[in-house]
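Chemist: Count along the sequence shown from 1, add 1, and you get the number used in our numbering.
Yeah, the Cβ is synthetic: ideal placement off N, Cα and C, and Gly gets one too.
In this text, all values refer to a predicted model and were calculated from it rather than measured experimentally.
Below you will find the structure I want to go over with you.
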Amino acid sequence: MFRRLPFIVVMAAMAAGCYSVTPVSGSGAAMGDGLFYALPQTQICVDVTYRYYDLSEAVYSEYASEMLALDNFDVEKPYRIQNIETSYTVAADPDNYFLVSPTGISVQVDNRHLLRSVGMTPKEAAEEQGSAVQTSQSTTEEAKLVLHNATADKMLPTYNLYDRTDTFYVRGDRPGHPTGVSTKKAPRSLRQRAQAAAEEIAELEDTRADIALSDRYTPEGKRELLQQLEEKEAVLMAQFIGKPVVETVHFFITPKPTTGANDTVQRMVLFYFSRSEGICESDDYDALPVVCTLRPDKSMQQVRHFSRQHRSIPFLSGRNFKYRLPSQALLTLSCELFDYQVTLPVAQYGPVIELPHRHFKALFDPATGAIVYYEN
Numbered sequence: 002m003f004r005r006l007p008f009i010v011v012m013a014a015m016a017a018g019c020y021s022v023t024p025v026s027g028s029g030a031a032m033g034d035g036l037f038y039a040l041p042q043t044q045i046c047v048d049v050t051y052r053y054y055d056l057s058e059a060v061y062s063e064y065a066s067e068m069l070a071l072d073n074f075d076v077e078k079p080y081r082i083q084n085i086e087t088s089y090t091v092a093a094d095p096d097n098y099f100l101v102s103p104t105g106i107s108v109q110v111d112n113r114h115l116l117r118s119v120g121m122t123p124k125e126a127a128e129e130q131g132s133a134v135q136t137s138q139s140t141t142e143e144a145k146l147v148l149h150n151a152t153a154d155k156m157l158p159t160y161n162l163y164d165r166t167d168t169f170y171v172r173g174d175r176p177g178h179p180t181g182v183s184t185k186k187a188p189r190s191l192r193q194r195a196q197a198a199a200e201e202i203a204e205l206e207d208t209r210a211d212i213a214l215s216d217r218y219t220p221e222g223k224r225e226l227l228q229q230l231e232e233k234e235a236v237l238m239a240q241f242i243g244k245p246v247v248e249t250v251h252f253f254i255t256p257k258p259t260t261g262a263n264d265t266v267q268r269m270v271l272f273y274f275s276r277s278e279g280i281c282e283s284d285d286y287d288a289l290p291v292v293c294t295l296r297p298d299k300s301m302q303q304v305r306h307f308s309r310q311h312r313s314i315p316f317l318s319g320r321n322f323k324y325r326l327p328s329q330a331l332l333t334l335s336c337e338l339f340d341y342q343v344t345l346p347v348a349q350y351g352p353v354i355e356l357p358h359r360h361f362k363a364l365f366d367p368a369t370g371a372i373v374y375y376e377n
């Protein structure tokens, strides 16, 4: 998850007077004295957590589906999507920088070159920021993830339960000092041993049900016995389905600004996932594309149209402060194995608004770039 950057005051200037705001050309040529700031640009981070099963010690893995009825367990395809989380942050849009000649108005810009406040002293900005509603950069609670590949997950490191020691005592031997000791494997086939382990798991399930329904134990005693049974079962299960390994991969998305041609949907293949290889290349065996779709909120289209019309007026575009009003967007990830969707604010999908050319106070949200306080 992205961390909020510290509030850094770059400039707080000066007494009453006038000011001008000028767009900076892409050439970056010097345009005189002043302070540079940029419009916010949202960057989305998608954290994909997947799990696979280390079968190196799962001696009975080939019998897992047959003997434990694990329909979703496949020795050849051990990878599963476990969770997806989304977060976002804002950075400076390299195509939208402005030069402020702050003669008569205080301006605060943070170390990302984003506006933090206009017309406010650092103290006033800090007080208003403390009382403003903070925007969370995490969307975990709002997200909806539907997995299509659930499987058993009670797993612990395993050992061989079928080693045994045979001890031989003869007349005259002291206790603990036998004449002969030999260690050997039980003379059973792998299938027979797997069947015995599966039967023991079934017996543990029956015992668990008996303990849960019994009135012979105190609540504390029940909890302790059930915990012991769960640990035994986990050890046995690990010999069938292995040890879980969990990894998280981060994918970053920078949405393109909406224009008349792409105001509806933006679609891309974010990554490929294989049940046999995990996150993989597009040409790998059984690779499935995970398609990412970003759908802007159409309710903002009328505001964007109004903004585009007014942007062409010369006396507005050369003097006033500009800021972006973030628009909500629906992000969806779709694949044969899962579906995911979440709503989040995207600065690039909102209109560029101009503040009136007069004295005012404005405070901007450090998480989204939106204006959170205004007074004139």
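#1: What does a CB cutoff of less than 6 Å around Ile254 pick up in its chain, not counting 5 residues either side in sequence?
#2: How many Å lie between Val291 and Arg81 at the Cα?
#3: Measuring only from the beta carbon, is Leu230 closer than 6 Å to any heavy atom that is part of the ligand HEM?
#4: Using DSSP's beta-bridge definition, name the partner residues of Lys323.
#5: For His360, tell me which candidate among Ile372, Phe322, Gln349 has the shortest Cα-Cα distance.
#6: Helix, strand or coil: how does DSSP classify Ile106 here?
#7: Report the rounded CA-to-CA distance for Ile202 versus Leu214, giving the unit in angstroms.
#8: Are the CB atoms of Gln349 and Pro258 nearer to each other than 7 Å?
#9: If you count every other CB in all the chains shown that lies within 10 Å of the CB of Pro95, and 16 or more means buried, which is it?
#10: Could you say which of Asp34, Tyr64, Tyr20 lies nearest to Thr237 if we only look at CA atoms?
#11: Compare the C-alpha of Leu338 against each of Ala199, Gln83, Pro346 and name the closest.
#12: Beta carbon of Val246, beta carbon of Asp55: below 7 Å?
#13: In this structure, how does DSSP classify Pro95 when only helix, strand and coil are distinguished?
#14: Where does Asp207 fall in DSSP's three states?
#15: Excluding the five sequence neighbours on either side, which residues of its own chain have a C-beta within less than 6 Å of the C-beta of Lys362, listed in chain order?
#16: Would Pro41 be called buried (16 or more neighbouring beta carbons within 10 Å of its own) or exposed?
#17: Per DSSP, what kind of secondary structure is Glu221 in: helix, strand or coil?
#18: Got a sec? Which residues, its chain only, sit under 7 Å from Phe316 by beta carbon, not counting five neighbours each side?
#19: In the DSSP assignment, what residue or residues form a beta bridge with Gly243?
#20: Specify, as a first and last residue, the run of the alpha helix (DSSP H) that Ala65 falls within.
#21: From Leu332 to Leu227, what distance separates their C-alpha atoms?
Modeler: Working from what's here:
#1: Hits under 6 Å: Ile45.
#2: Roughly 14 Å between the two C-alpha positions.
#3: Ligands displayed in this structure: none; no statement on the ligand HEM is therefore possible.
#4: Glu355.
#5: Measuring from the Cα of His360, the nearest candidate turns out to be Phe322.
#6: Three-state result, Ile106: coil.
#7: Taken atom to atom, the span from the alpha-carbon of Ile202 to that of Leu214 is near 19 Å.
#8: Their beta carbons are under 7 Å apart, which means Gln349 touches Pro258 by this criterion.
#9: Exposed, by the Cβ-count rule.
#10: This sequence places Leu at residue 237; Thr is not what is there. The residue with the shortest Cα to Cα distance from Leu237 is Tyr64.
#11: Closest option to Leu338, Cα to Cα, is Gln83.
#12: The Cβ atoms of Val246 and Asp55 lie closer than 7 Å to each other.
#13: Strand.
#14: For Asp207, the secondary structure class from DSSP, reduced to helix, strand or coil, is helix.
#15: Excluding residues up to 5 positions away in sequence, Gly120, Met121, Glu376 lie with their Cβ nearer than 6 Å to the Cβ of Lys362 in the same chain.
#16: Classification of Pro41: buried, given that the 10 Å Cβ count is 16 or more.
#17: In the three-state scheme derived from DSSP, where H, G and I count as helix and E and B as strand, Glu221 is classed as helix.
#18: Because Phe316 carries a pLDDT of 38, less than 50, the predicted location of this residue cannot be relied on, and no value is offered for it.
#19: Within the DSSP bridge table, the entry for Gly243 names no partner.
#20: Element bounds for Ala65: 65 to 69.
#21: Straight-line Cα distance between these residues: approximately 43 Å.
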